[in-house]
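Counting from 66, one number per residue, gives the positions in the sequence shown under the numbering used here. Comments concern the structure below.
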Amino acid sequence: MTLTRRLRGYLDLTRPGNVVAAGVLTFTGAYVAGGAVAVDAVAVGAAVLATMFATGAGNAINDYFDREIDRVNDPDRPIPRGAVSPREALAFSGALFLGAMGCALFLPLTAIAIAVFNLLLLVAYTKLFKGVPGLGNVVVGFLTGSTFLFGGAAVGEPLGAATLFVLAAIATLTREVVKDVEDLAGDREQGLNTLPIAVGEVAALRIGLAAMVVAVLASAVPYLQGTFGVAYLALVIPADLVMLHGTKRAFADPSTAQRRIKAGMLLAVVAFIVGRTVA
Numbered sequence: 066m067t068l069t070r071r072l073r074g075y076l077d078l079t080r081p082g083n084v085v086a087a088g089v090l091t092f093t094g095a096y097v098a099g100g101a102v103a104v105d106a107v108a109v110g111a112a113v114l115a116t117m118f119a120t121g122a123g124n125a126i127n128d129y130f131d132r133e134i135d136r137v138n139d140p141d142r143p144i145p146r147g148a149v150s151p152r153e154a155l156a157f158s159g160a161l162f163l164g165a166m167g168c169a170l171f172l173p174l175t176a177i178a179i180a181v182f183n184l185l186l187l188v189a190y191t192k193l194f195k196g197v198p199g200l201g202n203v204v205v206g207f208l209t210g211s212t213f214l215f216g217g218a219a220v221g222e223p224l225g226a227a228t229l230f231v232l233a234a235i236a237t238l239t240r241e242v243v244k245d246v247e248d249l250a251g252d253r254e255q256g257l258n259t260l261p262i263a264v265g266e267v268a269a270l271r272i273g274l275a276a277m278v279v280a281v282l283a284s285a286v287p288y289l290q291g292t293f294g295v296a297y298l299a300l301v302i303p304a305d306l307v308m309l310h311g312t313k314r315a316f317a318d319p320s321t322a323q324r325r326i327k328a329g330m331l332l333a334v335v336a337f338i339v340g341r342t343v344a
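So this is what it looks like as structure tokens:
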């Protein structure tokens, strides 16, 4: 095996797109919560790096535990395709977790507490929660949304991006339900009891749609409270429509639905940034 192939395998373990996105979300949480992130540049930078390390670590350990499932659902992942061995993936995940904790030590106590809790949750997710109907989806939703709380905690305002946390957590929960529908064959073969397996595909997607409606309603809170103005509303409404349409699309095409929900979530993040900037 060439060195390039092995290094590519390690990089793919982290899911680099997700790693970068998680770092951006943490920065956004800091900005929405505190505004002038330059004042706390060291803390914000440490929080962003901690999030990126932790996300990569969580993805790597998830691949370790899911290696048999991935042979069916996603055989091009690094372990099934032979680019990285299971033991190497586990060691790599541990190194990334240490990096995350090292960065977190530069942060306020509240941020450190969030980091420790999330790291423990990441480790426990695949082994304990993933196969529990609905609970695994809730855990992933919380972890995604909490990047905003973590960013806010880095600048001393852990609840400064609370609405964004709620919106992201619920929207991610819905996207995870859609993903479970897409991964039904491999999950069933491995004996997992995900929400679509437990209650049926249609019922699971209806639960996801109901959750997305709650997220859309939550997105109106900053405008109704007068925190953000018309510029925020002009962007968050299209974001809400994209996410709702994506969720509806999941009944026919889960793969396309996932991408649309993710695009809507990113647009919602932009809406919060613009809302904070012009507030």
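Glycine included, each C-beta is placed from N, C-alpha and C at the ideal position. Just so we're clear, the structure is a prediction, and the values are computed from it rather than from any experiment.
{"Check": "Does the Cβ of residue 182 have 16 or more other Cβ atoms within 10 Å, making it buried, or fewer, making it exposed?", "Outcome": "exposed"}
{"Check": "Under a three-way DSSP split, which group does residue 202 fall into?", "Outcome": "helix"}
{"Check": "Residues in the same chain with beta-carbon distance under 6 Å from residue 289, minus the five sequence neighbours each way, listed in chain order, please.", "Outcome": "none"}
{"Check": "So residue 129 is in the alpha helix (DSSP H); what residue range does that whole segment cover?", "Outcome": "106-130"}
{"Check": "For residue 366, which of helix, strand or coil comes out of DSSP?", "Outcome": "With the chain running from 66 to 344 in the structure shown, residue 366 is simply not present."}
{"Check": "So, does the segment 133-146 touch the segment 68-78, judging by three or more C-beta pairs under 8 Å?", "Outcome": "yes"}
{"Check": "How far does the alpha helix (DSSP H) with residue 155 in it extend, from its first residue to its last?", "Outcome": "151-169"}
{"Check": "Would you be able to state if there are at least three C-beta pairs under 8 Å between the segment 312-325 and the segment 292-304?", "Outcome": "no"}
{"Check": "On the DSSP letters alone, give me the boundaries of the alpha helix (DSSP H) that residue 65 sits inside.", "Outcome": "This structure leaves residue 65 out entirely; the chain is present only between 66 and 344."}
{"Check": "Exposed or buried, residue 287, counting other C-beta atoms within 10 Å across all chains shown (16 or more means buried)?", "Outcome": "buried"}
{"Check": "Between the Cα of residue 235 and the Cα atoms of 329, 342 and 129, which residue gives the shortest distance?", "Outcome": "329"}
{"Check": "Hey, residue 281 and residue 305: beta-carbon distance below 8 Å or not?", "Outcome": "yes"}
{"Check": "How about the segment 169-179 and the segment 232-251: do they share at least three Cβ pairs that are nearer than 8 Å?", "Outcome": "no"}
{"Check": "Within the continuous alpha helix (DSSP H) that includes residue 327, where are the two ends?", "Outcome": "319-343"}
{"Check": "So the alpha helix (DSSP H) residue 288 belongs to, where does it begin and stop?", "Outcome": "286-289"}
{"Check": "How many whole angstroms separate the CB atoms of residue 95 and residue 220, which I take to be in contact at a CB cut-off of 8 Å?", "Outcome": "5 Å"}
{"Check": "Span of the alpha helix (DSSP H) holding residue 144?", "Outcome": "It is not in any alpha helix (DSSP H) - residue 144 carries neither H nor E in the DSSP assignment."}
{"Check": "Please list the terminal residues of the continuous alpha helix (DSSP H) segment that includes residue 67.", "Outcome": "Element bounds for residue 67: n/a, residue is neither H nor E."}
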